[in-house]
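Working notes for the structure below.
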Amino acid sequence: MENQDTEQSQKRSGSEVEKDDFKRQKVVVPEGMTKREYKRQLKQQRWEETKDEYKQKKREKKKAARERRKERIKEAEANGETNEELYNYHQMKRAKVAPQEQIDTDVKIIMDCEFDSLMNDKEIVSLSNQITRSYSAKKHSTYDVQLDITSFNKNLKKRFEKAIPQYDKWTNVTFVENDKLEDILPMDDKQALSKYVYLTADTDEVIDTLEPHHTYIIGGIVDKNRYKNLCLNKAQSLGLKIGRLPIDKFIKMNGRQVLATSHVFELCCKWFENDKDWGKAFNEVLPPRKVKGKLTHGSDPEKSIEPSEVSEQPVSSEQSEQPVLSEQPVSSEQPVLSEQPVLSESSDEPSDEPSKGADH
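Mapping of the sequence shown onto the numbering used here: position 44 corresponds to residue 57, and the numbering continues sequentially without gaps.
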């Protein structure tokens with residue numbers, strides 16, 4: 014029994030032992046800070062001290078995985094095999110090319126990022142990742158949907174300047190440093206204001222068509238559904254029209270029908286690309302893990318397809334090679350704010366995996 018205990022203790026990683034040692038320490042909280050704030054500060058400090066070592070190990074593991082994959086490919090080619098991995102490998106080697114010309118849609122999307130103070134550091138990181146994903150979707154779309162990032166200041170701007178400084182070289186995306194949404198709205202012109210629509214899940218008004226010369230506003234917030242009716246109340250206070258995408262016509266989601274900020278923007282782009290068919294757009298954008306079943310256009314939501322019947326979308330090279338967030342440990346000792354951008358080493362493309370967002 015004693016030998017078994019010794020073997021089990023030896024199997025424990027250094028990080029686990031270090032974590033237990035940290036827990037056993039008597040934490041003396043500095044005056045003026047809460048225990049939670051102080052623990053968060055300590056986690057950030059520990060990440061700063063170990064991040065270089067972690068990143069180096071991560072790079073080495075990726076390099077080793079690539080070498081193993083290349084060896085398997087060479088062996089398959091030598092044997093005259095054309096297996097699925099060989100196909101996927103060559104697919105990954107092909108760069109995703111943006112169209113040289115985009116078709117104008119006369120539709121603008123505003124990401125309203127005025128909710129900075131309602132998010133913690135981790136949620137700010139998640140929102141920045143969703144914005145980079147939206148930029149990628151816009152860049153590679155055959156249709157030009159104008160994108161404005163408003164109230165781009167405070168913590169969100171700091172995050173971009175620190176982790177994604179190349180954002181100022183993004184094309185066809187406008188970053189607006191206004192304080193309030195109403196600062197950029199035609200509040201004195203009711204006719205012009207009537208062409209602004211705030212998207213929120215908390216309404217029965219369904220948007221079946223994205224109208225030309227209209228602006229659709231998405232709430233730029235990651236809140237895990239803490240703030241109910243947030244976008245609805247804001248839109249009503251500003252006298253804006255409200256609407257929601259026809260989620261329930263095509264998708265039966267688990268719980269409240271809320272989409273991530275980046276998903277909403279991607280859906281708008283895919284709607285144009287799929288001949289203005291929401292059903293096809295939803296099937297392309299939303300991953301099967303986020304839904305109970307996918308529905309065909311006009312079908313009964315109660316007769317949804319079982320998850321096992323839903324074919325998963327192919328994963329691109331950008332999705333397969335990139336982490337969900339930044340290159341940092343996914344553990345309880347992980348700091349709140351990441352140092353690294355969610356971009357490829359060889360391009361300016363972001364990660365394709367967003368976190369759950371606001372009440373869109």
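Cβ atoms here follow ideal geometry from the backbone N, Cα and C, with glycine treated the same way.
This structure is a prediction, so every number in the text was calculated from the model and none was measured.
Check                                                                                                      : Outcome
Coarse secondary structure for V235, derived from DSSP in three states                                     : coil
Bridge-paired residues (DSSP) for G256                                                                     : L212
Paired residues, beta bridge with T226 - DSSP                                                              : In the sequence as displayed, the identity of residue 226 is His instead of Thr. BP columns for H226 are empty, so no partner.
Cβ-Cβ distance between Y211 and I197 below 8 Å                                                             : no
Endpoints, the beta strand (DSSP E) within which K171 is located                                           : No beta strand (DSSP E) contains K171, which is instead part of the alpha helix (DSSP H) from 167-176.
For K152, the three-state DSSP class (helix, strand or coil)                                               : helix
Residues sharing a beta bridge with M124, DSSP                                                             : I162, I231
Cβ-based burial, A77 [other Cβ within 10 Å; buried from 16]                                                : exposed
N-terminal and C-terminal residue of the alpha helix (DSSP H) that V186 is part of                         : That residue, V186, is in no alpha helix (DSSP H); its beta strand (DSSP E) goes 186-188.
R172, buried or exposed, once every other Cβ within 10 Å from all chains shown has been counted against 16 : buried
CA-to-CA distance, F285 to W183, given in whole angstroms                                                  : 22 Å
Counterpart residues of V219 in DSSP-defined beta bridges                                                  : R257
Cβ separation of K383 and D161, assumed to be a contact under 8 Å, to the nearest whole Å                  : It is not possible to answer for residue 383, since the shown part of the chain is limited to 14 through 373.
Span separating the alpha-carbon of K254 from that of A248                                                 : 7 Å
Separation of N185 from K152, as counted between CA atoms                                                  : 8 Å
T145 in three-state terms, based on DSSP                                                                   : helix
Simplified DSSP assignment, three categories, for K265                                                     : strand
Nearest to T118 (by Cα), restricted to the options R239, V298, P225                                        : P225
CB of Q113 within 8 Å of CB of T155, strictly                                                              : no
V298 vs G256 beta-carbon contact at 8 Å                                                                    : no
Local conformation of D288 per DSSP, three classes                                                         : coil
Beta carbon of L169 nearer than 8 Å to that of I123                                                        : no
Under the three-state DSSP convention, the category D196 falls into                                        : helix
Proximal residues to M132 (C-beta, below 8 Å), its chain only, five neighbours per side dropped            : L140, N168, I234, V235, D236
Beta-carbon gap between T163 and L194 smaller than 8 Å                                                     : yes
Cutoff 6 Å; reference F128; Cβ partners in own chain excluding five residues on either side                : I234
Under 8 Å between C-beta atoms of C282 and V158                                                            : yes
S130 burial status per 10 Å Cβ neighbour count (16 or more: buried)                                        : exposed
Sheet register partners of D117 (DSSP bridge)                                                              : D157
Alpha-carbon spacing of A273 relative to T216, whole angstroms                                             : 17 Å
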